[in-house]
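Everything below concerns the one structure shown next.
There are 2 protein chains.
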Amino acid sequence: MDLIEIEKKIAPEIFDILDIRYNILRNIYYNQPIGRRGLSNKINIGERTIRTEVNILKKQGLLNVESVGMYVTEEGKRVIENLEDIIRELRGISELEKRLKRVLNIENIIIVPGNSDKNGLVLKDMGKTTSMYLRKIIQDNFIIGITGGTTMAKIAEEVPANKVADNILVIPARGGLGKDVETQSNSIAAKLAKKLQGSYKLLHVPDNIDRETLEAVLKITDIKEVIELIDKMNILIFGIGRADTMAERRQLPEKQKKRMIEKGAVGEAFGHYFDIEGNDIYESLTVGINLKAYNSIDTIIGVAGGENKSEAIMAVASLRNDITIITDEAAARKIIKIVDKATE
Amino acid sequence: MDLIEIEKKIAPEIFDILDIRYNILRNIYYNQPIGRRGLSNKINIGERTIRTEVNILKKQGLLNVESVGMYVTEEGKRVIENLEDIIRELRGISELEKRLKRVLNIENIIIVPGNSDKNGLVLKDMGKTTSMYLRKIIQDNFIIGITGGTTMAKIAEEVPANKVADNILVIPARGGLGKDVETQSNSIAAKLAKKLQGSYKLLHVPDNIDRETLEAVLKITDIKEVIELIDKMNILIFGIGRADTMAERRQLPEKQKKRMIEKGAVGEAFGHYFDIEGNDIYESLTVGINLKAYNSIDTIIGVAGGENKSEAIMAVASLRNDITIITDEAAARKIIKIVDKATE
DNA sequence: TATTGAGGGTCTATTACTGTCCCCAATGTA
DNA sequence: TACATTGGGGACAGTAATAGACCCTCAATA
Numbered sequence: 001m002d003l004i005e006i007e008k009k010i011a012p013e014i015f016d017i018l019d020i021r022y023n024i025l026r027n028i029y030y031n032q033p034i035g036r037r038g039l040s041n042k043i044n045i046g047e048r049t050i051r052t053e054v055n056i057l058k059k060q061g062l063l064n065v066e067s068v069g070m071y072v073t074e075e076g077k078r079v080i081e082n083l084e085d086i087i088r089e090l091r092g093i094s095e096l097e098k099r100l101k102r103v104l105n106i107e108n109i110i111i112v113p114g115n116s117d118k119n120g121l122v123l124k125d126m127g128k129t130t131s132m133y134l135r136k137i138i139q140d141n142f143i144i145g146i147t148g149g150t151t152m153a154k155i156a157e158e159v160p161a162n163k164v165a166d167n168i169l170v171i172p173a174r175g176g177l178g179k180d181v182e183t184q185s186n187s188i189a190a191k192l193a194k195k196l197q198g199s200y201k202l203l204h205v206p207d208n209i210d211r212e213t214l215e216a217v218l219k220i221t222d223i224k225e226v227i228e229l230i231d232k233m234n235i236l237i238f239g240i241g242r243a244d245t246m247a248e249r250r251q252l253p254e255k256q257k258k259r260m261i262e263k264g265a266v267g268e269a270f271g272h273y274f275d276i277e278g279n280d281i282y283e284s285l286t287v288g289i290n291l292k293a294y295n296s297i298d299t300i301i302g303v304a305g306g307e308n309k310s311e312a313i314m315a316v317a318s319l320r321n322d323i324t325i326i327t328d329e330a331a332a333r334k335i336i337k338i339v340d341k342a343t344e
Numbered sequence: 345m346d347l348i349e350i351e352k353k354i355a356p357e358i359f360d361i362l363d364i365r366y367n368i369l370r371n372i373y374y375n376q377p378i379g380r381r382g383l384s385n386k387i388n389i390g391e392r393t394i395r396t397e398v399n400i401l402k403k404q405g406l407l408n409v410e411s412v413g414m415y416v417t418e419e420g421k422r423v424i425e426n427l428e429d430i431i432r433e434l435r436g437i438s439e440l441e442k443r444l445k446r447v448l449n450i451e452n453i454i455i456v457p458g459n460s461d462k463n464g465l466v467l468k469d470m471g472k473t474t475s476m477y478l479r480k481i482i483q484d485n486f487i488i489g490i491t492g493g494t495t496m497a498k499i500a501e502e503v504p505a506n507k508v509a510d511n512i513l514v515i516p517a518r519g520g521l522g523k524d525v526e527t528q529s530n531s532i533a534a535k536l537a538k539k540l541q542g543s544y545k546l547l548h549v550p551d552n553i554d555r556e557t558l559e560a561v562l563k564i565t566d567i568k569e570v571i572e573l574i575d576k577m578n579i580l581i582f583g584i585g586r587a588d589t590m591a592e593r594r595q596l597p598e599k600q601k602k603r604m605i606e607k608g609a610v611g612e613a614f615g616h617y618f619d620i621e622g623n624d625i626y627e628s629l630t631v632g633i634n635l636k637a638y639n640s641i642d643t644i645i646g647v648a649g650g651e652n653k654s655e656a657i658m659a660v661a662s663l664r665n666d667i668t669i670i671t672d673e674a675a676a677r678k679i680i681k682i683v684d685k686a687t688e
């Protein structure tokens, strides 16, 4: 039995303390300089409570309070770094990963502690984790495909800007979606390519267009070229979404959406809608990767977090069992809960 | 930085929690079955507080509450065992030992966490620690001398009853003192000998007798024999006392006592009174080990705990720098405080 | 210069904690 | 058998700690 086990036994409330302090310290670190009130809004803790905690952390020399706001000291920074692993162990993330691997019957799972719905930094962690993983598996002359969404945007952001391999090509795996440039696959692919000091291609095709336009578009040389590259992709990184919210975001006709949901669609990835067993229910009309290509890619990485993504993750995990799923603790626990309930 | 360091930084109040829980759990373990009120008296914590803590420990499965009192479960027992080391590290006992070695300029120090004045179990710990140490250094045909006092009694009590060496002889190092049979050197020597499955000799001479009687007594064959053995002693284990309280206990004339204190006597060991530099101020008239013999013994172990023993320990530590001092945290910290103040 | 966002101070309501006592069950003893 | 002792659980009131709300002043910035 190590210290963590003992403490869990004899003083479980330690975790709550560590949790809240870690959260505060980390949030200050990533937002410094920040004031009490700003922090209070950000992490949903009363201003007064933050003040008490901050006073303790200040007394311990982990942060400095100045007139412009609060800063984390060098020591505080070190504590944060060390706490990352501790929190993982504390929450039993390793065990959780093993259980989830078994439950979903897939080979690779990485879980990040926390709940990305409730804590913005957890999304950041997922991005960081994914980027670390990516850097590890990347090789010379690789073609990397990436989709859109806030999660993918975070990943590109968290990739450290230095070369890890030669002649990397990043392409968007799917046509664009949404108005926000920042979260479109094109901009994300470009950003990622720049970070990796590689090149990139763009896919200027709107999502969910009618069939005629689509066919016309496919004849354009630029587009054609990218489409062909998609089949040669080595790594695909994609976000996993809920079927309902994605249908909403793509402004599918209400009728179509309803029919799809009735057929059991719960998850969405690269424009495809799946039921919980991974059956392809519907595909939105756009250019980009299709299921056949998906199944022939060497390395696929699906990323999503938050309780509400649990079913979507289950759906996608059913497609291929050599996928790498990167998710957060909240989603992981929810999935296990769902499966436990079903097998009761 | 390991977990303990991190926790010390970010959540120092963890220690207080661990401390109180450990204390409660341990006290229940050594006194089980025991009730709330009994425990409350023993460790000086309000009944209600104990109740709250006990409820938590119960919930965690570390103890069971029955109609006859509380019991520690198997798991609780395991937690106690593991916590011992953790508490040591938590309190920085290893560093404290190093500092004390330097400050007292002696070679061997063992410190037990806590304050034996305030917590009865700490005395027990000192006894246990000393007995473990003794068992480690003991060899065949050794002659072990031991003095009287409650601390020595605890040591004999804590020695596990099994043979560690052949032909061990235990002798009292000094004449008897006090009315309580249990804490007299004779009974302690006998007890220790039985535990070690060795033999023992007794020294039936009262402490602090007049010179004439003493000389007469020394001619008795039985006594003579033991006295001679004292010079051949391999290990001496002795308690360290305060000069004033020991003078009191030996019922020295008020005048004599006063003079002694004025001369700077602060510590007492095996009937000798020392000032803080280790100068022999006074020797109570009785048979038993003298300073010359003391200096020629191979292994000497002095044991004492509690803040008020600090000066006495300092005095005795000045005698020989190859002594092994076994003490508690309270005394250790007090000594360092005294020295720090003096060198300011 | 006006405004915004920062920390610090302080009062109050509320919550949690703790000391105290009572009750009853089980156990051991006269 | 009756009684005293010691055990746990329940309940309540007083107190201490905590959290919320609002104020102030100060400094940076537009």
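Protein chains in written order, with the numbering used here: chain B, 1 to 344; chain V, 345 to 688.
Just so you know, even glycine gets a beta-carbon here, dropped at the ideal spot from N, CA and C.
query                                                                                                         : result
Candidates V:Met-414, V:Asn-399 and V:Lys-402: closest to Asn-375 of chain V by CA position                   : V:Met-414
Backbone secondary structure at Phe-274 of chain B - three-state DSSP                                         : strand
Cross-chain neighbours of Val-423 of chain V in chain B, by beta carbon under 7 Å                             : Ile-6, Lys-9 and Ile-10
Proximal residues of chain V, C-beta to C-beta of Leu-18 of chain B below 7 Å                                 : Ile-354 and Ala-355
Assigned secondary structure, Thr-668 of chain V (DSSP; H/G/I helix, E/B strand, else coil)                   : strand
Three-way DSSP call (helix, strand, coil) for Asp-210 of chain B in this model                                : coil
Proximity to Pro-33 of chain B [Cα-Cα], best of B:Arg-51, B:Gln-60 and B:Val-68                               : B:Val-68
Short CB-CB distance (under 9 Å) between Gln-404 of chain V and chain B                                       : yes
Sequence-distant residues of its chain with Cβ nearer than 8 Å to Arg-78 of chain B (five each side left out) : none
Within chain V, the residues that Leu-3 of chain B reaches when beta carbons sit closer than 8 Å              : Leu-347, Ile-348 and Ile-430
Proximity below 9 Å, CB of Ile-155 of chain B to CB of Pro-172 of chain B                                     : no
Endpoints, the beta strand (DSSP E) within which Met-414 of chain V is located                                : 413-416
Heavy atom of the ligand SAH within 8 Å of Pro-597 of chain V beta-carbon                                     : The ligand SAH is absent from the structure shown, which contains no ligands of any kind.
Proximal residues to Met-246 of chain B (C-beta, below 6 Å), its chain only, five neighbours per side dropped : Glu-268
Short Cβ contact (9 Å threshold) for Leu-558 of chain V with Lys-507 of chain V                               : no
Residues in the region 570-591 of chain V having any Cβ partner in chain B nearer than 7 Å                    : none
Proximity test, Cβ basis, 9 Å: Asn-426 of chain V and chain B                                                 : yes
Residue-level contact to chain V via CB, Leu-121 of chain B, 9 Å cutoff                                       : no
Host beta strand (DSSP E) of Phe-238 of chain B (start-end)                                                   : 235-239
First through last residue of the beta strand (DSSP E) which encompasses Leu-63 of chain B                    : 63-66
Ile-24 of chain B beta carbon less than 9 Å from that of Val-54 of chain B                                    : yes
is_contact[Tyr-22 of chain B, chain V] using C-beta, thresh 9 Å                                               : yes
One or two residues paired with Asp-85 of chain B in a DSSP bridge                                            : DSSP lists no partner for Asp-85 of chain B.
Neighbouring residues, chain V, relative to Ile-28 of chain B (Cβ below 8 Å)                                  : In chain order: nothing, as chain V lies at least about 13 Å away.
Residue from B:Val-170, B:Ile-138 and B:Asn-141 with nearest C-alpha to Gly-148 of chain B                    : B:Val-170
Unbroken beta strand (DSSP E) run spanning Val-226 of chain B, endpoints                                      : Counting along the chain, Val-226 of chain B falls outside any beta strand (DSSP E), though it belongs to the alpha helix (DSSP H) covering 221-230.
Residues that Ile-14 of chain B contacts on chain V, provided the C-beta gap is smaller than 8 Å              : Glu-351, Ala-355, Ile-358 and Ile-361
Cβ-Cβ distance between Ile-488 of chain V and Ile-430 of chain V below 9 Å                                    : no
Pair within 9 Å by beta-carbon distance, Ala-315 of chain B and Glu-277 of chain B                            : yes
The beta strand (DSSP E) enclosing Val-447 of chain V, as first and last residue numbers                      : Counting along the chain, Val-447 of chain V falls outside any beta strand (DSSP E), though it belongs to the alpha helix (DSSP H) covering 437-448.
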